[in-house]
Amino acid sequence: MTNLAELAQPHAREAAPHTETLSGAEIIVRLLERQGIRTVAGIPGGPILPFYDALSRSTRIHHVLARHEQGAGFMAQGMARVTGQPAVCIASSGPGATNLLTAIADAKLDSIPLVAITGQVPQALIGTDAFQEVDTYGLSLPITKHNFLVSSAAELLEVLPRAFEIAASGRPGPVLVDVPKDVQTERISITDWPAPGTRQAPSPAPQALLQAAADLINGAEKPILYLGGGVVAGGAASLAVQLAEQAELPTVMTLMALGAMPVDHRLSLRMLGMHGARSTNLALDECDLLIAVGARFDDRATGQVAQFCPGARIVHIDIDPAELHKIKTAHVGITGDTAQVLQALLPLVEARQRPAWLARIDQLESEHPFPLPEDSHDPRSHFGLIRTVAACLDDEAIIATDVGQHQMWVAQAYPLRRPRQWLTSGGLGTMGFGLPAAIGAALAEPRRTVVCFTGDGSILMNIQELVTAAQEDANVKIIVMDNASLGLVHQQQTLFYKERVYASRFQAVPDFVQVARGCGIKAVDLDKSANPCADLLQALSSHGPCLIHVSIDLAHKVWPMVPPGAANRDMIG
Amino acid sequence: MTTQTRASAVLEIDVNNHAGVMAHVVGLFSRRAYNLEGIACLPVGDGRHSRIWLKVMEDERMPQVLRQVEKLEDVQGVRLHGGDHPVFTGLAAHFRQDG
Ligand SMILES: Cc1ncc(C[n+]2csc(CCOP(=O)(O)OP(=O)(O)O)c2C)c(N)n1
Chain A
1 MTNLAELAQP HAREAAPHTE TLSGAEIIVR LLERQGIRTV AGIPGGPILP
51 FYDALSRSTR IHHVLARHEQ GAGFMAQGMA RVTGQPAVCI ASSGPGATNL
101 LTAIADAKLD SIPLVAITGQ VPQALIGTDA FQEVDTYGLS LPITKHNFLV
151 SSAAELLEVL PRAFEIAASG RPGPVLVDVP KDVQTERISI TDWPAPGTRQ
201 APSPAPQALL QAAADLINGA EKPILYLGGG VVAGGAASLA VQLAEQAELP
251 TVMTLMALGA MPVDHRLSLR MLGMHGARST NLALDECDLL IAVGARFDDR
301 ATGQVAQFCP GARIVHIDID PAELHKIKTA HVGITGDTAQ VLQALLPLVE
351 ARQRPAWLAR IDQLESEHPF PLPEDSHDPR SHFGLIRTVA ACLDDEAIIA
401 TDVGQHQMWV AQAYPLRRPR QWLTSGGLGT MGFGLPAAIG AALAEPRRTV
451 VCFTGDGSIL MNIQELVTAA QEDANVKIIV MDNASLGLVH QQQTLFYKER
501 VYASRFQAVP DFVQVARGCG IKAVDLDKSA NPCADLLQAL SSHGPCLIHV
551 SIDLAHKVWP MVPPGAANRD MIG
Chain B
1001 MTTQTRASAV LEIDVNNHAG VMAHVVGLFS RRAYNLEGIA CLPVGDGRHS
1051 RIWLKVMEDE RMPQVLRQVE KLEDVQGVRL HGGDHPVFTG LAAHFRQDG
């Protein structure tokens, strides 16, 4: 109530600043409220209990009780990925903190803004191997953008806004704030509150570099625009499409950038790299200029680096200066915010058409059509299922995946058409990402339908969050593509280990429909369905969580593929 | 790894002075399997800042590592010196085998 009254009379408050005496825990809650945080996910435990006690009195923050801290971490990621704003997850010390680590590392590799708050044993006990003490600061150091161990309640006033600022500024990333219990209970008086931490304005790129980049684009005969996750993070997707249209640039996307340009746009060559279309990789092989925007030349995208775009000059635009020249030396490297740079570049780039280059790409596409299997119109086949789901939904839907063959099939076949529509664990490739990330997305954008394509291996890694989905009535549709195997491992063993299939076929498999119902959510088994299309539509269009189970033939592989270590032009399948 | 003979270099790094800073800076090198030949660190001025001196063998990863060091939140500035910088030659007396 105090908060609302304060908000209603901002001037009164400024005129007569009143001093409050608050605990560190209350300060964290207040700072989160002031930061605009309305939903947090976490699990309590002893050393974080003062914070939870303070949180229980907040009328503004909804706490989502996850069932595993990794789930809480991925829920926060789901919120951050769909909104672009830092999201918050909370854990206790020791096992709570270690359980969070995978979700934090995942956020680091995909540049997702996250603020993780962990409880720590009281400062007097740090270093004594106290109950549930781990060196959370040390453990999180290499997997965060930055981390803090807070030593006083007063320090919280500086650290928390700073944590949000760091998470959101430049190349976004996760920040961990470890708060000893005695810091949470320490009481101090406060008169002035710090401003919430916000994204710092990036500095503009030098005009000379922009001109040099424009000259290369204007002079190129066979250019390709290469979009990465930085285009999504920088809010630069529509500018990238504008640039592509203006200079008629065929455009490839990384796994992280899918949807930055609608994948069925006339200039889209969809995903490049390991599981991209052969014609896309062959076009890259022939290009004379590669314009990389917010992309980092990841090995899954480039294949053998020395053979990647061998004849191309490179323009590289990225907000992180350490990405320039890291893998490939750029002819023009521009450090800057992707949206700002593209905005400044557009007036320097000539409008032109490239009929010969587009004709060459058309030719590559007709010579190397995408290898669609025969059953791809059957809604109970892998591609048929993905296409039927897409046909049931519009572009407002959010599509999350887990990790494995199903992830690559969705990346290849789903018509992603807008930035932030697509949530997938790209850099770390974390099985277990899908369900909690989808729940987080549904919490942040409750009016959207969130689909999570998952595998029977991945879903089991965070299946406990089905209960959280039920508890929150999250509008998530979990599609289990069940091949009773760790499909992608099975594929690798089949192709590269002389079919010595080992530890990749499940000896025991759960009844996913029963499991879902047992967790309190609806479930439908398309295997047993008389009319699978109708049942799918029904499941997707009614509100609330629902699990949809479909058996998938293990014989299906992710084709085509670049064998590990090979050049992208040497695809198989 | 490169087989050419490598020159040594000395890095002078200005940082905020708190308990985690050494771990951040040194960890960045060790995570890249980049060996540090020498480390020296002392507070500067009123003690809110410190200066870390590192001696490294220069190789082709050096520019990338430097850019990563510059990105650390607690790092204010990095300067690169030749391997003969006196900061470590002065310390050499304390590192004789016979003590
Ligand atoms: C946490 C984690 N452990 C192991 C792996 C290695 N891995 C990659 S894909 C995969 C199999 C995934 O199986 P499933 O979720 O059933 O998907 P499918 O490939 O069958 O579609 C495994 C084990 C991983 N990516 N993440």
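Line by line, the protein sequences give chains A and B.
Following the working numbering, the numbering of the first sequence begins with 1 at its first residue and continues without gaps.
Following the working numbering, the numbering of the second sequence begins with 1001 at its first residue and continues without gaps.
Glycine included, each C-beta is placed from N, C-alpha and C at the ideal position.
Here the structure is a predicted model, which means the values were calculated and not measured.
{"Query": "The beta strand (DSSP E) enclosing residue 253/A, as first and last residue numbers", "Result": "251-253"}
{"Query": "heavy atom of ligand 1 below 7 Å from residue 489/A C-beta", "Result": "yes"}
{"Query": "Residue from 570/A, 532/A, 475/A and 566/A with nearest C-alpha to residue 545/A", "Result": "475/A"}
{"Query": "Closest Cα partner of residue 449/A within the set 497/A, 428/A and 390/A", "Result": "390/A"}
{"Query": "Beta bridge counterpart(s) of residue 551/A as assigned by DSSP", "Result": "482/A"}
{"Query": "Residues that residue 1071/B contacts on chain A, provided the C-beta gap is smaller than 8 Å", "Result": "320, 321 and 322"}
{"Query": "Residue 63/A (DSSP reduced to helix, strand or coil)", "Result": "strand"}
{"Query": "Residue 1057/B in three-state terms, based on DSSP", "Result": "strand"}
{"Query": "Alpha-carbon to alpha-carbon, residue 239/A and residue 339/A", "Result": "7 Å"}
{"Query": "Test: residue 142/A CB closer than 8 Å to a CB of chain B", "Result": "yes"}
{"Query": "Nearest neighbour of residue 1103/B, chosen from 1016/B, 1055/B, 1038/B and 1088/B [CA to CA]", "Result": "With chain B represented from 1001 up to 1099, any question about residue 1103/B goes unanswered, as that position is not in the structure."}
{"Query": "Neighbour list for residue 588/A in chain B, Cβ cutoff strictly below 7 Å", "Result": "Missing from the structure shown is residue 588/A; chain A here goes from 1 to 573 and no further."}
{"Query": "Under the three-state DSSP convention, the category residue 1/A falls into", "Result": "Any reading at residue 1/A must be qualified, since the residue scores a pLDDT of 37, below 50, and its modelled position is unreliable; no value is offered."}
{"Query": "Contacting positions in the stretch 1001-1029 of chain B - beta carbon closer than 9 Å to chain A", "Result": "1018, 1019, 1020, 1023, 1024, 1027 and 1028"}
{"Query": "Near-chain B residues of the stretch 120-147 of chain A - C-beta to any C-beta below 9 Å", "Result": "137, 138, 141, 142, 145, 146 and 147"}
{"Query": "Opposing strand residues paired with residue 89/A [DSSP bridges]", "Result": "41/A and 116/A"}
{"Query": "8 Å Cβ cutoff, residue 149/A in contact with chain B", "Result": "yes"}
{"Query": "Cβ-heavy atom distance, residue 432/A to ligand 3, below 7 Å", "Result": "Among the ligands present in this structure, namely ligand 1, ligand 3 is not found."}
{"Query": "The alpha helix (DSSP H) enclosing residue 99/A, as first and last residue numbers", "Result": "95-109"}
{"Query": "8 Å Cβ cutoff, residue 112/A in contact with chain B", "Result": "no"}
{"Query": "Neighbour-count burial assignment, residue 386/A, 16 or more Cβ in a 10 Å radius", "Result": "buried"}
{"Query": "Beta-carbon proximity check, residue 103/A vs residue 132/A, cutoff 8 Å", "Result": "no"}
{"Query": "Below-8 Å beta-carbon distance, residue 334/A vs any chain B residue", "Result": "no"}
{"Query": "Contacts that residue 166/A makes with chain B (C-beta to C-beta distance below 8 Å)", "Result": "1073"}
{"Query": "Closer than 8 Å at the beta carbon, the chain A residues around residue 1076/B", "Result": "Residues of chain A passing the Cβ test: none, with the nearest at roughly 14 Å."}
{"Query": "Local conformation of residue 281/A per DSSP, three classes", "Result": "helix"}
{"Query": "Inside the stretch 197-275 of chain A only - beta strand (DSSP E) runs reaching at least 3 residues", "Result": "223-227, 251-253 and 268-271"}
{"Query": "Residue 375/A burial status per 10 Å Cβ neighbour count (16 or more: buried)", "Result": "exposed"}
{"Query": "Cβ-heavy atom distance, residue 509/A to ligand 1, below 7 Å", "Result": "no"}
{"Query": "Chain A within 8 Å of residue 1067/B, Cβ atoms only", "Result": "yes"}
{"Query": "Check: residue 404/A C-beta below 7 Å from any heavy atom of ligand 1", "Result": "yes"}
{"Query": "Burial state of residue 440/A, where buried means 16 or more other Cβ atoms lie within 10 Å", "Result": "buried"}
{"Query": "Residue 380/A to residue 461/A span [Cα, whole Å]", "Result": "24 Å"}
{"Query": "CB of residue 259/A within 8 Å of CB of residue 416/A, strictly", "Result": "yes"}
{"Query": "Close Cβ partners of residue 561/A (< 7 Å) along its chain, the five nearest in sequence each way excluded", "Result": "274, 275, 571, 572 and 573"}
{"Query": "Contact list for residue 1031/B against chain A, beta-carbon separation under 8 Å", "Result": "142"}
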